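A short worksheet on the structure shown next.
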Amino acid sequence: MRAPRLGFVLRSAAPLVLAMTGCFITTDGERYNDTEVGTGGSCPTGHEGCDCTSGGACNPGFLCNTNLNICISDSCPVGTETCVCTPMGACDPGLECLSDFCVDPGPVCPVGTESCPCTNGGGCDVGLVCLSNTCVDATDLTTGSGDPSTDSAGTTAQESTGAADSSSSGVPMADSSSGG
154 MRAPRLGFVL RSAAPLVLAM TGCFITTDGE RYNDTEVGTG GSCPTGHEGC DCTSGGACNP
214 GFLCNTNLNI CISDSCPVGT ETCVCTPMGA CDPGLECLSD FCVDPGPVCP VGTESCPCTN
274 GGGCDVGLVC LSNTCVDATD LTTGSGDPST DSAGTTAQES TGAADSSSSG VPMADSSSGG
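The sequence shown begins at 154 in the numbering used here and counts up by one.
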C-alpha cells in the first residue's frame with residue numbers, strides 16, 4: 154500500500170517543484186520577455202528612466218538619450234536637461250547641447266582664469282598668459298631667470314639667431330676674433 158501512495162504524492166508534487174524552480178513554459182504565440190537583464194530587475198530595459206536596449210531603442214513613446222543611455226519621454230520639454238535640444242541646437246540657461254541632447258556641463262571654468270580658456274581676444278587675468286587657448290601662470294613659463302623673454306642661457310628672444318648649436322659637448326667654443 155505504501156508504493157501506490159508514494160507514486161501519487163510524487164506525481165502530484167512534480168508540477169509544484171517545476172513551478173518553484175523557475176521553469177518557464179510558454180504556449181504558441183507567447184514569448185518570454187527578458188528585458189530586465191543588467192538592471193537588477195528594478196528598471197526594465199526600454200522603459201522611461203531605464204537603460205536603452207543594446208541597439209539604442211526604447212519602448213513606444215520614449216526616446217533613447219544617447220549621452221546617458223536612458224529612455225526619456227517623447228514629450229520631454231525641448232531644451233530642458235536630458236531632453237532634445239531645440240532645432241537650432243540651444244538649451245535652457247546653464248545647459249549645453251551635446252549629441253542633440255541638453256546636458257549639464259558640470260562646474261564651469263571661468264574664462265580668463267588659470268587653467269581655463271582664454272577670452273575671445275586671447276586675454277587672461279593678471280599674471281596669466283594665453284598659451285594654446287588656455288590661461289597659464291606666466292612664472293611657470295620662465296626657465297629660472299625670472300624673465301619669461303629669456304632662455305636658460307640668459308639670451309633674450311631678440312638675441313637668439315634660431316640657428317642650431319653644432320657643438321655636441323655643450324661647451325662654448327673660443328672666440329677666434331679676440332686675438333688670444
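Note that beta-carbon positions come from the ideal geometry of N, C-alpha and C, so glycine has one too.
Note that this is a predicted model, so its numbers are computed, not measured.
Relative to the Cα of asparagine 212, the nearest Cα in the group Glu249, Ser226, Leu221, Thr219 belongs to Ser226.
Between cysteine 255 and glycine 274, the gap from beta carbon to beta carbon reaches 8 Å or more. Beta-bridge analysis with DSSP links proline 270 to Thr287.
In this chain, the beta strand (DSSP E) harbouring asparagine 218 covers 215-218. A direct Cα-Cα distance of roughly 16 Å separates cysteine 203 from glutamate 234. Nearest to valine 289 by C-alpha distance, out of Ser268, Gly208, Gly259, Gly209, is Ser268.
Here the alpha carbons of cysteine 224 and threonine 266 stand approximately 38 Å from one another. In its chain, beyond the 5 residues on either side, Cys269 have a beta carbon closer than 7 Å to the beta carbon of proline 263. Taking 8 Å as the cut-off, the Cβ atoms of glycine 242 and cysteine 250 count as close. Per DSSP, reduced to three states, the secondary structure at aspartate 293 is helical. In the DSSP assignment, valine 261 falls outside any beta strand (DSSP E), carrying neither H nor E. Approximately 15 Å separates the beta-carbon atoms of glycine 214 and threonine 206; this is outside 8 Å, ruling out the contact. Residue burial annotation: asparagine 218 is buried, with at least 16 other C-beta atoms found within 10 angstroms of its C-beta.
Take alanine 210, set aside five residues on each side of it, and the residues of its chain with a beta-carbon closer than 8 Å to its own are Gly199, Cys217, in chain order. Distance from the CA of leucine 294 to the CA of cysteine 236, rounded to the nearest whole angstrom, comes to 44 Å.
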